[in-house]
Amino acid sequence: VVLDMTMPNLTGRQTIRKILEINPKAKIITASGYTSEGSPEELIQEGVADFIQKPYTILPLSQVARKVIDQGK
Numbered sequence: 015v016v017l018d019m020t021m022p023n024l025t026g027r028q029t030i031r032k033i034l035e036i037n038p039k040a041k042i043i044t045a046s047g048y049t050s051e052g053s054p055e056e057l058i059q060e061g062v063a064d065f066i067q068k069p070y071t072i073l074p075l076s077q078v079a080r081k082v083i084d085q086g087k
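Just so you know, we're using this note's numbering here: the sequence shown kicks off at 15 and counts up by one.
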């Protein structure tokens with residue numbers, strides 16, 4: 015799952031929790047240009063697989079996705 019941290023109804027953190035409730039093994043990559051919901055390190059401690067800074071292009075996204083897949087996290 016590639017998840018933008020800024021959404022209209024739920025916060026990014028709320029969405030992360032709900033996704034992990036449904037599937038604790040879900041691989042979540044958060045994307046943000048700015049977030050007041052915590053540092054990437056804090057989000058990773060909560061179960062996020064990785065973080066990518068916006069704006070991004072397909073190359074960095076594919077590199078992060080490959081890293082997450084290879085980690086099996």
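All residues carry an ideal CB built from backbone N, CA and C; glycine is no exception.
Cα-Cα separation between residue i and residue j, rounded to whole angstroms
i, j, result
"D84", "P22", "32 Å"
"K68", "N37", "26 Å"
"E60", "Q28", "11 Å"
"R80", "E55", "19 Å"
"K32", "T71", "27 Å"
"E48", "G86", "The sequence shown places Tyr at residue 48, not Glu. Distance between the alpha carbons of Y48 and G86: 27 Å."
"K76", "L24", "What sits at residue 76 in the sequence shown is Ser, not Lys. Using only the alpha carbons, I get a separation of about 26 Å."
CB of residue i within 8 Å of CB of residue j, strictly
i, j, result
"I66", "I43", "yes"
"I26", "L17", "Checking the sequence shown, residue 26 turns out to be Gly, not Ile. For G26 and L17, yes; Cβs fall inside 8 Å."
"V62", "I30", "yes"
"M19", "S46", "yes"
Expected contact under 8 Å - CB spacing of residue i and residue j to nearest Å
i, j, result
"K165", "V82", "With the chain covering only 15 through 87, there is no way to say anything about residue 165."
From the options, residue whose alpha carbon lies closest to that of residue i
i, options, result
"V15", "Y48, D64 and L24", "D64"
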